[in-house]
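Take a look at the structure below.
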Amino acid sequence: MESIAVAAGTTLVGALAGDGWPAARAEVVAFWRRVRADEADAVADDLAELRAEVLAARQAGDPELERALVEIWQRRFQELLRPDPELAGELRSIVDRHLTPTLTPAERADQEERRDRPR
1 MESIAVAAGT TLVGALAGDG WPAARAEVVA FWRRVRADEA DAVADDLAEL
51 RAEVLAARQA GDPELERALV EIWQRRFQEL LRPDPELAGE LRSIVDRHLT
101 PTLTPAERAD QEERRDRPR
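All the letters of the sequence shown, read from the start, carry residue numbers 1 to 119 under full-length UniProt numbering.
Here it is as structure tokens:
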């Protein structure tokens with residue numbers, strides 16, 4: 001799986017759990033609208049549901065559910081990029097400029113650690 005898809009899925013789940021979730025959601029939906037406009041409204045709904053699921057997983061102390069949600073969105077980003085790998089740069093920019101800043105310091109450190117791990 002392309003590393004930006006992995007980073008985007010991981011970062012998105014963390015971003016939607018925090019206070020900056022409206023901006024994170026808006027950026028991802030706008031990206032989807034540019035790439036696959038016909039799916040953007042469904043993605044907006046899916047992200048609202050994802051937020052509720054992530055918050056419930058965290059409240060229940062269920063890291064396995066959170067990991068499963070991350071994996072789902074990693075695959076969705078991978079599928080989005082597959083037909084046009086050139087979109088990876090734009091997705092990287094969204095992750096770096098709009099999603100990562102919404103993470104807690106601990107989540108940012110974890111994200112950096114994952115990025116630095118060899119694949």
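A virtual CB, placed ideally from N, CA and C, is assigned to each residue, including glycine.
Using three-state DSSP, classify residue i as helix, strand or coil.
{"i": "residue 84", "result": "coil"}
{"i": "residue 119", "result": "A caution first: residue 119 carries a pLDDT of 49, below 50, which makes its placement in the model too unreliable to give a value."}
{"i": "residue 62", "result": "coil"}
{"i": "residue 36", "result": "coil"}
Is it buried or exposed for residue i, if we count other Cβ within 10 angstroms and need 16 for buried?
{"i": "residue 9", "result": "buried"}
{"i": "residue 26", "result": "exposed"}
How long is the line joining the alpha carbons of residue i and residue j, rounded to whole angstroms?
{"i": "residue 74", "j": "residue 100", "result": "15 Å"}
{"i": "residue 20", "j": "residue 102", "result": "5 Å"}
{"i": "residue 35", "j": "residue 64", "result": "30 Å"}
Looking at C-alpha atoms only, which residue of the options is the closest neighbour of residue i?
{"i": "residue 91", "options": "65, 16, 30, 53", "result": "30"}
{"i": "residue 39", "options": "67, 55, 76", "result": "76"}
Can you tell me the Cβ-Cβ gap for residue i and residue j, rounded? I've got them flagged as a contact below 8 Å.
{"i": "residue 107", "j": "residue 14", "result": "4 Å"}
{"i": "residue 58", "j": "residue 24", "result": "At roughly 16 Å, the Cβ-Cβ gap does not stay under 8 Å, so residue 58 and residue 24 are not in contact."}
{"i": "residue 5", "j": "residue 95", "result": "At roughly 10 Å, the Cβ-Cβ gap does not stay under 8 Å, so residue 5 and residue 95 are not in contact."}
{"i": "residue 2", "j": "residue 68", "result": "About 20 Å; that fails the 8 Å criterion."}
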